[in-house]
Amino acid sequence: MAEAQPSLLATGDSILQYRWKVIVSTSIANALEWFDFVAYGFFAVVMARLFWPAANEVTALLAIFATFAIPFAIRPIGSIVLGAYADRHGRKKTLLLTIGLMTLGTAIMATVPTYASIGTWAAVIVVAARMLQAFSVGGEYGAAMALLFEQDDGRRGFLASWHYSSQSMTAVLATGFATLLNTTLTAEQIESFGWRIPFFFGLLIAPIGLYVRSQLREPDRFVAEQRSEAPVLEVLAEHRSRVVLAAGVIVVSAVTIYMLVFMPTFAIKQLGLPSSVAFLGSLVAGAIQVVLIPFIGLLSDRYDRKTLALTASFTLLLLAYPLFAFLLAVRSVPVLLAVQGVLGAVNAVNLGCLGALIAELFPTRLRTSGLSLSNALTQMTLGGTTPFISLWLVDATGHATAPALYLMFAAILSAVSLGVLSRKR
40 MAEAQPSLLA TGDSILQYRW KVIVSTSIAN ALEWFDFVAY GFFAVVMARL FWPAANEVTA
100 LLAIFATFAI PFAIRPIGSI VLGAYADRHG RKKTLLLTIG LMTLGTAIMA TVPTYASIGT
160 WAAVIVVAAR MLQAFSVGGE YGAAMALLFE QDDGRRGFLA SWHYSSQSMT AVLATGFATL
220 LNTTLTAEQI ESFGWRIPFF FGLLIAPIGL YVRSQLREPD RFVAEQRSEA PVLEVLAEHR
280 SRVVLAAGVI VVSAVTIYML VFMPTFAIKQ LGLPSSVAFL GSLVAGAIQV VLIPFIGLLS
340 DRYDRKTLAL TASFTLLLLA YPLFAFLLAV RSVPVLLAVQ GVLGAVNAVN LGCLGALIAE
400 LFPTRLRTSG LSLSNALTQM TLGGTTPFIS LWLVDATGHA TAPALYLMFA AILSAVSLGV
460 LSRKR
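In the numbering used here, the protein residues as written are 40 to 464.
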């Protein structure tokens, strides 16, 4: 058993006040931990020239998106190490550790010299920083989701949905930065110093996140549990099928999220739109998700989560290809906004249900390990590789609509997983 901790009343917070403190603390830190992931994707074209100069522009972009994807292989390691730490020693300690690690990775990204200064070591340092961040995020997801989920049995969907809503807030913030920088700075200024500004801004969030997280307490349900000495081994021994199902359910939302990160590059390279407007679609999608995800979370506490998520997966399966075909036929900013807005709205339905849906699969004493491992495996294999695979598909097939096929593939995988999950229950 864990040591006793002060009662909620001793902190001076009402139950409602404390639940909002949990939401704010996880949201602020989650914003930091995802901010530079999104910024990295948005400035891929610039960073490809700065860190992987190559005669072939496609080769340089593939290199930068490979660097975007490779650190996802570290996520399962983070999920195993930090997930087990959270189930043994507490969600709060883990969340303080993960934001510290992420801050260090962001500081490296903000200050790393380019290829012109130190040659290939520039790329090595970028990869190392992103691996550190990926290790942190691997454990952050499960600890934050478990902390939110365990606050109130009657509002599990609503509380868990804030993890994804805060990611969308990050997308809005990062997109706003990208749009502002591309409209106020010249291309030379962006390449010289502008791309670093979002990373320095991310560092400003860190002290706030550390302070708010230090005020948290462990959920009563978790404190009352007998801790596992080897939570990851126990999950793999007793809940392998649940890990696989959870990973499958996550696929469609993971691929859609990173497809939205890839869309500015798609808009610049395939649609011929200027960089100053290429980010606006992501801004629209992010804003829609910020508002819609908690609303869907509320609905998921009243109606069947699996049915809502299954509806969203089938909707994406039907709409993905027509949306990309329409976008390529018209090639205009209004259509780009509309397409990304639809993708954002459909994904909001998935994300509003997702947290509680998969958290319910695992017992309290193993929840962080189960959640972290499931999410890390999905992000490593299919989510984080989305920009790289999308760019490769366009180059290999010669058809700019090819990324839609990857979205459809993800929708099918999640629909099958949700169908199996419904039958099991």
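All C-beta atoms, glycine included, are put in the ideal place defined by N, C-alpha and C.
Secondary structure of residue i, DSSP reduced to three states
i	result
W91	coil
Q309	coil
A185	helix
A269	coil
T417	helix
V283	helix
R256	coil
P152	coil
S292	helix
A439	coil
P45	Caution applies to P45, whose pLDDT of 48 falls short of 50 and renders its modelled position unreliable; the value that the coordinates give is listed next. In the structure shown, P45 sits in coil (DSSP, three-state: anything other than H, G, I, E or B).
G144	helix
H278	coil
A449	helix
E467	Here the chain comprises residues numbered 40 to 464, so residue 467 is not present and cannot be evaluated.
A263	coil
D192	helix
F82	coil
F401	coil
G158	coil
V139	Here the sequence assigns Gly to residue 139, which means Val is not the residue at that position. Looking at G139 - three-state DSSP - the assignment turns out to be helix.
Chain-order list of residues whose beta-carbon lies under 7 angstroms from that of residue i (same chain, five-residue window excluded)
i	result
L89	T153, Y154 and E230
I307	V84, S314 and A317
V329	S204, S207, M208 and V211
S46	Note that S46 has pLDDT 49, beneath the 50 cutoff, so the model's placement of it is unreliable and the number below is only indicative. Cβ within range, chain order: n/a, list empty.
For residue i, the nearest candidate out of the options (CA to CA)
i	options	result
S371	G320, L393 and V330	G320
A441	S456, V381 and L366	L366
T424	A112, A276, S413 and L396	A112
Y57	D259, L310 and F318	D259
Q172	T145, F197 and A182	T145
F197	W59, G117, L275 and P426	W59
M184	F239, I147, V166 and S118	S118
T407	N69, L186 and P333	L186
A395	V433, V374 and L338	L338
L421	M298, L357 and T346	M298
L284	L410, S156 and A182	L410
T350	S205, G391 and Y250	G391
V369	H202, L310, D340 and F401	L310
V374	L312, R341 and Q328	L312
S175	G139, E189, I54 and D191	G139
F232	V300, W201, M86 and L393	M86
V271	P333, A123 and Q190	A123
W201	P333, S429, L347 and A348	P333
Y342	V166, R194, S53 and L135	R194
P246	L135, W91, F305 and A161	L135
Residues of its chain near residue i, where Cβ-Cβ distance is below 6 angstroms and the 5 sequence neighbours each way are ignored
i	result
A443	A359, Y360 and F363
L121	T133 and G178
F74	T209, A213 and G241
F264	Before going on, a small fix: residue 264 reads as Glu here, not Phe. Cβ within range, chain order: T403 and R404.
T218	F318
L400	R281 and A285
L331	A387
Residue i: first and last residue of the uninterrupted alpha helix (DSSP H) it sits in
i	result
H202	R195 to T223
I113	Careful: I113 lies outside any alpha helix (DSSP H) and carries neither H nor E.
S253	I236 to S253
Y360	R344 to V369
A398	V372 to A398
E230	A226 to S231
Q328	L319 to R341
8 angstroms CB neighbourhood of residue i in its chain, flanking five on each side removed
i	result
V323	L376, Q379, G380 and G383
V455	G287
T295	L355, L382, V385, N386, N389, L446 and A449
P115	G177, L412, A415, L416 and M419
A149	R235, F238, F239, G241 and L242
V63	V251
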